[in-house]
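K.L.:
Numbering (my numbering), first residue to last: 357 to 565. Virtual Cβ for every residue (Gly too), placed ideally from N, Cα, C.
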Ligand code: B12
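1. Just how far apart, CA to CA, sit residue 479 and residue 519?
2. Output the residue ranges of the alpha helix (DSSP H) runs that lie fully inside the region 404-490 and measure 4 residues or longer, sorted by chain position.
3. Starting from residue 496, trace the beta strand (DSSP E) in both directions and tell me its first and last residue.
4. Within a Cβ cutoff of 7 Å, which residues of the same chain sit near residue 534, ignoring the five residues on either side of it in sequence?
5. Is there at least one non-hydrogen atom of the ligand B12 closer than 6 Å to the beta-carbon of residue 551?
6. Quick check on the burial criterion: 16 or more other C-beta atoms within 10 angstroms. Buried or exposed for residue 578?
7. Closer than 8 Å by C-beta to residue 443: which residues in its own chain qualify, once you throw out the five before and the five after it? Chain order, please.
8. Are residue 373 and residue 364 closer than 7 Å when you measure CB to CB?
9. Can residue 613 be considered in contact with the ligand B12, in the sense that its beta carbon sits closer than 6 Å to one or more heavy atoms?
10. Between the alpha carbons of residue 387 and residue 429, how many angstroms are there, rounded?
11. Between which two residues does the beta strand (DSSP E) carrying residue 530 extend?
12. Taking a contact to mean a Cβ-Cβ separation below 7 Å, would you say residue 477 touches residue 448 in this structure?
13. In whole angstroms, what is the alpha-carbon distance linking residue 412 and residue 422?
14. Per DSSP, residue 548 is paired with what?
15. Is the beta carbon of residue 399 within less than 6 Å of some heavy atom of the ligand B12?
16. Can you say whether residue 453 is buried or exposed, counting buried as having 16 or more other CB atoms within 10 angstroms of its CB?
17. Starting from residue 507 and walking both ways along the alpha helix (DSSP H), at which residues does that stretch end?
18. Just curious, the alpha helix (DSSP H) that residue 383 is in, first and last residue?
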C-alpha cells in the first residue's frame, strides 16, 4: 500500500498527502489502513526529530498535517449502531500532552460499541480514580508518548490498585514509545500498537466475540 502516503507524511508534503488520502479513499482503502500508514510516516518524523534533522516546528507541522488528514478520514471511521460492549475511560497520562493517537483510539472504540469517557491530556491520577468510581468502566486506556511519563503510568496503575479498583477493570496502554515491556513495567493488562488492537484486546480481555 501507499509508500507515497508514508513519504508525504514523513516529508511534511501537505498537498501530496491530501491528494493521496483522497486517492486511497476513492479506491476504497479502509480508513484504519490509511491511518496506519500515516502513523508510519509520523514514526519517521519522530526519528528525524531525534536525529536533529527536524526541530520542534516540524513536529508541530506534522501534527497539523496529520489532523488535516484525520479530518478527511473521520467520516469513514464513524460506524454507528454497534452493540454496546461497555465503557472505556481514556486519557493521556500527566506530563504528556500528545493526543492524536488517543483521539483516534477514542473514535475507533466508540465506533466499535464502547462508550468512551475521554479525560483529555495531562491527566492526573486523581482524575482517573474519580472517573473509574463515577463511570465504572470495563476498560481504562492510558496513552503515553514520552518515556519520561512511564513512571506516571506506573504510579497511576498502582493507585488504581491501592484504591481497590484494579480488579474491576482491564487496563490498556499505548503510544509510540510503549511496548509489551512497558506494559509489564507499569502493570497494565495489555499494550496496543494500533487503534484496532485496542478494540481486539478489549473484546478479548472482556471475553466478547
Ligand atoms: C506530533 C508529535 C508531537 C506534537 C503533538 C501534537 C498532539 N496534539 O498530539 C507536539 C509538537 C505538540 C509534540 C510535543 C513534544 N514532543 Co512529540 N512527537 C510527535 C510525533 C512526531 C508523532 C506522535 C503522533 O501523533 N503519532 C501518530 C499517532 C496516530 O500515533 P500514536 O500516538 O502512536 O497512536 C497510535 C498507537 O500508538 C495507539 N495508541 C496511542 N495511545 C494509545 C492508548 C491506548 C490506551 C491504546 C489502546 C492505544 C494507543 O493507537 C494510535 C492509533 O493507531 C512523535 C513521534 C512518534 N513516533 O510517535 C513525537 C514524540 C512522541 N515527541 C517527542 C518529544 C520529545 C516531544 C517534546 C518533549 C518536544 C519538546 N522538546 O518540547 C514535546 C512534549 C510535550 C509534552 N509535555 O507532552 C519524542 C518522545 C521521546 C521519548 N522517548 O520520550 C517523540 C517520540 C519524537 C522523538 N522520536 O524524539 N510532539
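P.N.:
On the basis of the coordinates in this document:
1. About 17 Å.
2. 412-433 and 456-467
3. Start and end: 495-499.
4. Counting only residues of its own chain and dropping the five nearest sequence neighbours on each side, residue 534 has a CB closer than 7 Å to the CB of 500 and 547.
5. For the ligand B12, at least one heavy atom lies less than 6 Å from the Cβ of residue 551.
6. Outside the displayed range of the chain (357 to 565) lies residue 578, so it cannot be described from this structure.
7. 470, 471, 472, 473, 491, 492, 493, 494 and 495
8. yes
9. Because the chain is modelled from 357 through 565, residue 613 falls outside the range shown and cannot be assessed.
10. 6 Å
11. 526-530
12. yes
13. 15 Å
14. For residue 548, DSSP records a beta bridge to 530.
15. yes
16. exposed
17. 506-518
18. No alpha helix (DSSP H) contains residue 383, which DSSP labels as neither H nor E.
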